[in-house]
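J.:
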Amino acid sequence: MHVLKSLLLGAATLIAILGVISICLPRQIHLQRDIIINAPAEVAYEQLSDLRNWPKWLPGHRIAPDKSISYAGPTVGARYNWTSERGSIGQGVVTIVEAEPPSRLVTNLEFEKKDKAHSTFILEETEEGTKLTWHFEQYIGDNPIRKFSGLLIDSTVGEEFEDGLDNIKKEVESKHVLTDN
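Be aware that the sequence shown starts at 244, since it is given in this note's numbering, and climbs by one per residue.
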């Protein structure tokens, strides 16, 4: 009985410590990646602002052939809806909420679990080419489990963002080479 009390006390202490630590953790996830694209910002912006192009470069959507996709609207207000049998992709909606051609595009994301986030794409002309920066932000609230999992977002989702940027780079540079000649 003494061992059981010690284990329960130890578990309660650990939960209390983790609870106190979680108070100090951020309530918001922020992820950022960038890449240099050898094409003008206008060409890269066209790839981003037409949501019909997204399945060509969005990492999870390139590997899920079972998804159904629909599009609607002009640039601002354009929507990209998807549904997939893969649990990691699930279903959701991307909506373009701001567009400043050819330098900035802001999207809202809604996922099936009622999670919301937004992404901002910034395009800057540099000497090396167009620098495309992809920002992702999501409010995760005060849930301690979500706050601790938020610490892992960079290592778990960051690689997918890098893959997405590589895919955008390939799409844009291949189009720019074809239209440049």
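Built from N, CA and C at the ideal position, the CB exists for glycine as well.
Starting from threonine 256, follow the alpha helix (DSSP H) in both directions and report where the run begins and ends.
T.: 245 to 267
J.: Looking only at its chain, what residues have a beta carbon closer than 6 angstroms to the beta carbon of glutamate 289, apart from the 5 residues adjacent to it on each side?
T.: none
J.: Report the rounded CA-to-CA distance for lysine 390 versus glutamine 271, giving the unit in angstroms.
T.: 8 angstroms
J.: Isoleucine 279 and threonine 363 - do their beta-carbons sit closer together than 9 angstroms?
T.: Contact check for threonine 363 against isoleucine 279 fails: the beta carbons are separated by 9 angstroms or more.
J.: Could you give the DSSP three-state label for arginine 270: helix, strand or coil?
T.: coil
J.: Could you say which of Ala287, Ala284, Asp293 and Ile365 lies nearest to proline 317 if we only look at CA atoms?
T.: Asp293
J.: Which of helix, strand or coil does DSSP assign to aspartate 397?
T.: The answer is helix: DSSP assigns aspartate 397 an H, G or I state.
J.: Leaving aside the five residues before and after isoleucine 312 along the sequence, list all residues of the same chain whose C-beta is less than 6 angstroms from its C-beta, in chain order.
T.: Trp325
J.: Tell me, please, whether the stretch 380 to 394 touches the stretch 248 to 266 by the rule of three or more beta-carbon pairs shorter than 8 angstroms.
T.: yes
J.: Look up glycine 335 in the DSSP assignment and say whether it is helix, strand or coil.
T.: strand
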